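Residue numbers are given in my numbering: position 77 of the sequence shown equals residue 728, and the series is strictly consecutive.
Presented below is the structure to which this report refers.
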Amino acid sequence: MDGQRLRDFWNQEVSALLAVYRQFETLLPNPVTEGAEHRGEDGRYVEALVRDYLQKYLPKDLEVLTGFVLRPAVKTGKNDRSRKGDTDVHSTQLDIIVYDTGTYPVFQRMGETVIVPPEGVIAVLSVKKKLRDVDIFAECKALMNASHICRCDQREPAQRRRGPFLALVGAGSQLADTRVQKQNQIFKKLQELYAQPITFDGMVGFIGDLSGWHVFKTRPPEKMTEKNMKAKYCYVELGDDELHHGFQFILSGILSVYYDETRRNVRRPGYTAFPPKPATRLGQIPFEALR
Numbered sequence: 652m653d654g655q656r657l658r659d660f661w662n663q664e665v666s667a668l669l670a671v672y673r674q675f676e677t678l679l680p681n682p683v684t685e686g687a688e689h690r691g692e693d694g695r696y697v698e699a700l701v702r703d704y705l706q707k708y709l710p711k712d713l714e715v716l717t718g719f720v721l722r723p724a725v726k727t728g729k730n731d732r733s734r735k736g737d738t739d740v741h742s743t744q745l746d747i748i749v750y751d752t753g754t755y756p757v758f759q760r761m762g763e764t765v766i767v768p769p770e771g772v773i774a775v776l777s778v779k780k781k782l783r784d785v786d787i788f789a790e791c792k793a794l795m796n797a798s799h800i801c802r803c804d805q806r807e808p809a810q811r812r813r814g815p816f817l818a819l820v821g822a823g824s825q826l827a828d829t830r831v832q833k834q835n836q837i838f839k840k841l842q843e844l845y846a847q848p849i850t851f852d853g854m855v856g857f858i859g860d861l862s863g864w865h866v867f868k869t870r871p872p873e874k875m876t877e878k879n880m881k882a883k884y885c886y887v888e889l890g891d892d893e894l895h896h897g898f899q900f901i902l903s904g905i906l907s908v909y910y911d912e913t914r915r916n917v918r919r920p921g922y923t924a925f926p927p928k929p930a931t932r933l934g935q936i937p938f939e940a941l942r
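What follows is the structure in structure tokens.
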């Protein structure tokens, strides 16, 4: 297997994304600290950059938006009343919603800000200018709650559709490496968050700094038993010629949901290429069901 052309291509794209952000900092510098002077706009600019770069490479039916997911307690399908007894519920504001507008409708749209039903949500991403310790638990909890809203109504697990890809992304990071390394701090926070019963789909798939490292969740076992129903988390540190890993992982996560057999009968194209790279295993977290 080759794929070197794709790796070189994606590495150039990620380098370009980070370079564009650095230009923003250069043009609007903060006279006291690093980064741009207007911190609110600084963060929104990073969010817009990530949205634009994802939109360039996703199928035309997928739009990279921002806003809310609304799950009304109404009949779905032909005569599915499985939400009977529920109440209407909506998410907090989500930085990035990858939504299948080619198949599903939108409740309300104002520019790129939308309110959408859960059925068309393919991915939910939280985006930060810099990842900080305080972000990990709170943002992953918000992603988990969004996943719960998007969970399929089917009572039989085998009939449920795959849930959205979940990611926490930063253009940089300020995670304190004290006696406990940052990746172990992150894993500990995930263990605390997922202490209560949870599905595999409800657990974050990617936490990372596009400029250097990421923590990721590996694929679930093909044949699940009570003993192996545990999500495995790993960590990789990246060199300048390996920056493509993080962006490719996010793209792969989105496409794997979009082309999943529980959602559509279309073969996924060869679009990403990961070279062999050893990852540090952080540990396992039990889950009660796949989705």
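Ideal placement from N, C-alpha and C gives every residue a C-beta, glycine not left out.
Note that the structure is predicted; figures quoted are calculated from it, not measured.
Coarse secondary structure for residue i, derived from DSSP in three states
i, result
"Gln759", "strand"
"Leu844", "helix"
"Ile858", "strand"
"Asp739", "coil"
"Glu714", "strand"
"Asp731", "strand"
"Tyr704", "helix"
Straight-line gap, residue i to residue j (C-alpha atoms, nearest Å)
i, j, result
"Phe857", "Tyr755", "26 Å"
"Trp661", "Leu819", "19 Å"
"Ala667", "Thr738", "45 Å"
"Ala930", "Ile787", "21 Å"
"Glu790", "Lys729", "36 Å"
"Ile905", "Arg919", "11 Å"
"Lys883", "Lys707", "31 Å"
"Asp746", "Asn879", "33 Å"
"Arg932", "Phe867", "10 Å"
"Cys593", "Val701", "Not covered by the structure: residue 593. The range shown for the chain is 652 to 942."
Local Cβ density within 10 Å of residue i, reported as buried at 16 or more and exposed below that
i, result
"Gln834", "buried"
"Arg722", "buried"
"Phe758", "exposed"
"Lys780", "buried"
"Arg942", "buried"
"Arg783", "exposed"
"Leu678", "exposed"
"Gly897", "buried"
"Ala822", "buried"
Bridge partner(s) assigned by DSSP for residue i
i, result
"Phe719", "Ile766"
"Cys885", "Phe867, Arg932"
"Val775", "Ile748, Leu817"
"Lys781", "Gly823"
"Ala940", "Thr850"
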